[in-house]
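Under UniProt numbering, the first residue of the sequence shown carries the number 1, and numbering increases by one thereafter.
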Amino acid sequence: MAELKVIVFQLKDEEYAIPVQQVRSIEKIQHITRVPRVPKYVKGVINLRGVVTPIIDLRMRFGLEEAAFSDHTRVIIVALDDMEVGFIVDAANDVVDISTEAIEPPPEVVDTTTAEYINGVVKIGKRLFILLNLEKVLKTEKG
């Protein structure tokens, strides 16, 4: 039985998960330099250890209302191919091992714009995680 280690994070009242091998680091929120002429969900860039990293507000990306940053707000730095991007999330909660057999397909009722970002849904006890497909979330970034 194959295991998948994921980082669990929170947006509003939902828990999302991304594979740990795609996560470079989890940072506290810091000064973000705005960039002109980018989609509204691209908050700008940060200088992270000498690397200029674009920052995306996942709440806005998924059509949720904006929220003020708190002590729990984190930036999850993810790497995909040769690109590093930071996702602003409400909180980074856990690292969890899940069985790949526990991953269920996204429910049919999910609207198609959101469904394309989802690899599946995982139930562990009373918790429900939405497993994100980073390739799809970032591919739409490039247009």
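Ideal Cβ placement from N, Cα and C applies to all residues, glycine included.
Fill in: Expected contact under 8 Å - CB spacing of Lys12 and Arg59 to nearest Å
With 8 Å as the limit, Lys12 and Arg59 qualify as a contact, their Cβ atoms being about 7 Å apart.
Worksheet item: Terminal residues of the continuous alpha helix (DSSP H) containing Arg24?
Response: Counting along the chain, Arg24 falls outside any alpha helix (DSSP H), though it belongs to the beta strand (DSSP E) covering Val23 to Lys28.
Item to complete: Look at the alpha carbon of Asp82 and the alpha carbon of Arg127, and state the distance between them as a whole number of angstroms.
Response: 33 Å
Item to complete: Using beta-carbon positions only, say whether Ile76 and Val96 come within less than 8 Å of one another.
Response: no
Fill in: Classification of Thr33 by the beta-carbon crowding that lies within 10 angstroms, buried from 16 upward
The residue in question, Thr33, is exposed, as its Cβ has fewer than 16 Cβ neighbours within 10 Å.
Fill in: Segments of 3+ residues assigned as beta strand (DSSP E) that fall wholly inside the stretch 69-102
74-80, 83-89 and 91-99
Worksheet item: Closer than 8 Å, CB to CB, is Ala68 near chain C or not?
Response: The structure shown contains no chain C; it is built from a single protein chain.
Discussion item. Could you compute how far the alpha carbon of Leu131 sits from the alpha carbon of Val52?
Written reply: 27 Å
Worksheet entry | Extent of the continuous alpha helix (DSSP H) to which Arg59 belongs | In the DSSP annotation of this structure, the continuous segment of the alpha helix (DSSP H) that includes Arg59 starts and ends at Leu58 to Arg61.
Item to complete: Determine which residues share a DSSP beta bridge with Asn47 and list them.
Response: Val52
Discussion item. Pop quiz: Arg37 and Ala79 are said to be a contact at Cβ under 8 Å. What is the actual Cβ separation, rounded to whole angstroms?
Written reply: 25 Å between Cβ atoms; not a contact.
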